[in-house]
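Colleague: I have a structure I would like to understand better, so I am pasting it below and will then ask my questions one at a time.
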Amino acid sequence: MVVHWKGEFYMIPRPRKMKFTEGIAAKGVPVKEQICPELGVEEYCIHISPEQILLEGSPGIGLFYARTTLGQLRMIYGEELPCMEIEDGPAYSYRSFQIDCARHYFSVDELKKMIRMSAEFKLNHFHWHISDDQGFRLESRRYPRLHEISSVRAGDHFGNYHSDQKSGGYYTRDEVKDIVDYCGNLGIEVVPEVDMPGHVTAILAAYPELSCLGEPVEVGMKAGIFKELFCAGKEETFTFIEMLLDDLLEIFPGKYFHIGGDEAPKERWKACPRCQKRMEEEGLKNAQELQGYFCNRIASYLRAKGRIPIVWNEAVYGGNVDKGVAVQLWTEDKDNQIKAHLDKGGKAILAMVDHCYCDYPYGMHSLKDMYELEVSPAEFGEDGGEAVLGAECLVWTEFIRENERLEELCWPRFAASAEVGWCGKARSEYGDFRDRLTKLFPLFEKYGVHATKPEGWDPDEETAARQTEEFQMNFSEEDRE
Ligand code: ACM
Ligand code: ZN
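Residue numbers (the numbering used here): 5 to 485.
Structural data, given as structure tokens:
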């Protein structure tokens, strides 16, 4: 009998505590499962002895995680396992992956494959970006024009790619329930995102009366930042959003709800008499504070329904956002406003572009960059870690039209992010992670996922320069400015 790699562990994420003990658990030793109420929700233990394999965990997800880790052990060692003790649990409760289904629609089966693969690495939140300038992707009972009109665009002109073919797609309420249930069985909460007050061109194509100008617009066909926002001066805007949220909260039962807030240029608000009147009435000094007001109104609606709202970091730059709104960090701080939000008790999810965005080629954001995300940023005080709920890996899909490309870009980078969230500050050196990932590569084959192979994970300078140049080619001259 040969025991491979005894003395080393190859699981991802790396368990908190592990040690080998004497002996071998031969092929066919019984596997027993035991519910341990004293363990935390996501904690589990594995005891492998010559007599049995004992998995212990909380009734829900703990046991599932124990089975997942056992599956990885079997992949590494085969039928005979070295005896060992594992005690495991995550550093952060929020370990998330985001997929943008607004810029390009991916089918339920394609999403399920991404979700199943993510569960293998114990990611536990699926941030589903389902509304943006270029598409609204859910069936709405209350506002059917959202799926009839906002889900379809007349062509694609993303950067240098051009097509005049109409394209679209949306998820029916039954499909959403199917995805939510599928995730639930894998310990994953679905966090839908309806981005606002910007990135709403698709919604405005169906309901133009909700913008400041009230003029007709088309569902976006290009990448970039669009000028039209929801009008913050009209009461109808808030009524619309609240009724839309009511419709969505029924099918998304999770704790968190993302309301966007990124990239909202204030040109329209500054020129809109209704928005100006709102600012005056509410004593708001500038348009950024108006965004804070807008955000707080929607956030308090969600909180009254028992949900925790999340926003992108620009939303807190006015300094007036309630501390109960979690902030997702993707760019730098501005005038220390993110720090101020965290200082007053706000929570943060880390999603820094250079370390978390998987829409860029590996030559721009390598696997090593993903792994080396700083989890307690010094600028957030002595223990920046206090405010941190966790980390997210993301993929935006303006330039991703095919599922295979989506998978290559996300895998294995999503696995690196999963370990960042699971191990936090206690994670190992990148080289150790890379070795484990190389051994576990057959996992991607098991799920039929087109992951990038090891030679592509950390491109050399020359390859990186070529990939950067190729990536830039996605953008037209105008977009590059
Ligand atoms: C973002 O990348 N606009 C959040
Ligand atoms: Zn307005």
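Glycine residues also receive a C-beta, built at the ideal position from the N, C-alpha and C atoms.
DSSP state of Cys362, grouped into three classes?
Modeller: DSSP places Cys362 in coil when its eight states are reduced to three.
Colleague: Within its chain, find whatever has a CB closer than 6 Å to the CB of Leu58; leave out the 5 residues flanking it on each side and keep chain order.
Modeller: Lys36, His51.
Colleague: Just grab the DSSP bridge partners of Gln38 for me.
Modeller: Glu60
Colleague: If you check the beta carbons only, do Met356 and Thr472 fall under 7 Å apart?
Modeller: no
Colleague: Determine the burial state of Ser154: buried for a count of at least 16 other Cβ atoms within 10 Å of its Cβ, exposed for fewer.
Modeller: buried
Colleague: DSSP three-state call for His108: helix, strand or coil?
Modeller: coil
Colleague: Which partner residues of Lys21 appear in the DSSP bridge assignment?
Modeller: In DSSP, Lys21 forms a bridge with Glu91.
Colleague: Skipping 5 residues on each side, what residues in its chain have a beta carbon closer than 6 Å to that of Gly191?
Modeller: Ile65, Phe68, Asn128
Colleague: Taking the beta strand (DSSP E) that Gln332 falls in, what are its first and last residues?
Modeller: If you look at Gln332, you'll find it in the beta strand (DSSP E) that goes 330-333.
Colleague: According to DSSP, is Phe448 helix, strand or coil?
Modeller: In the structure shown, the three-state DSSP call for Phe448 is helix.
Colleague: Could you round the C-beta distance between Arg141 and Cys105 to whole angstroms and report it? I think they count as a contact, below 8 Å.
Modeller: 5 Å
Colleague: What span of residues does the alpha helix (DSSP H) with His133 cover, start to end?
Modeller: His133 -> not in any alpha helix (DSSP H); beta strand (DSSP E) instead, spanning 129-136.
Colleague: Please list, following the chain, all residues that have a C-beta closer than 7 Å to any non-hydrogen atom of the ligand ZN.
Modeller: Cys216, Cys235, Ala236, Gly237, Lys238, Arg272, Trp273, Cys276, Arg278, Cys279
Colleague: From Asn317 to Ala352, what does the alpha carbon distance come to, in whole angstroms?
Modeller: 9 Å
Colleague: My output table needs one value for Tyr14: the three-state DSSP class, helix, strand or coil.
Modeller: coil
Colleague: So, for Glu219: in the same chain, excluding its five sequence neighbours on each side, which residues have a beta-carbon less than 7 Å away from its beta-carbon?
Modeller: Hits under 7 Å: Pro212.
Colleague: Taking Cβ to Cβ, would you say Phe256 is nearer than 7 Å to Pro201?
Modeller: no
Colleague: Please report how far the alpha carbon of Asp464 lies from the alpha carbon of Ser370, in whole angstroms.
Modeller: 10 Å
Colleague: Roughly how many angstroms separate the alpha carbons of Cys360 and Glu396, rounded to a whole number?
Modeller: 7 Å
Colleague: In this structure, does DSSP put Glu193 in helix, strand or coil?
Modeller: Strand.
Colleague: So what does DSSP say about Gln102, is it helix, strand or coil?
Modeller: The answer is strand: DSSP assigns Gln102 an E or B state.
Colleague: Can you find the residues in the same chain that come closer than 6 Å, C-beta to C-beta, to Tyr321, ignoring five residues on each side of it along the sequence?
Modeller: Gln292, Lys338, Gln341
Colleague: Alpha carbon to alpha carbon, what distance is there between Val399 and Gly44?
Modeller: 31 Å
Colleague: Using the Cα positions of Ala95 and Ile134, report the straight-line distance between them to the nearest angstrom.
Modeller: Using only the alpha carbons, I get a separation of about 29 Å.
Colleague: Could you tell me which residues DSSP pairs with His161 in its beta bridges?
Modeller: Answer is none; His161 lacks a bridge partner.
Colleague: Quick one: grab the DSSP three-state call for Cys397.
Modeller: strand
Colleague: Return the CA-CA distance between Leu249 and Ala268, expressed in angstroms with no decimal places.
Modeller: 20 Å
Colleague: Counting pairs of Cβ atoms below 8 Å between the segment 81-94 and the segment 143-163, do you hit three or more?
Modeller: no
Colleague: Kindly examine the ligand ACM and report whether one of its heavy atoms sits closer than 6 Å to the Cβ of Glu378.
Modeller: no
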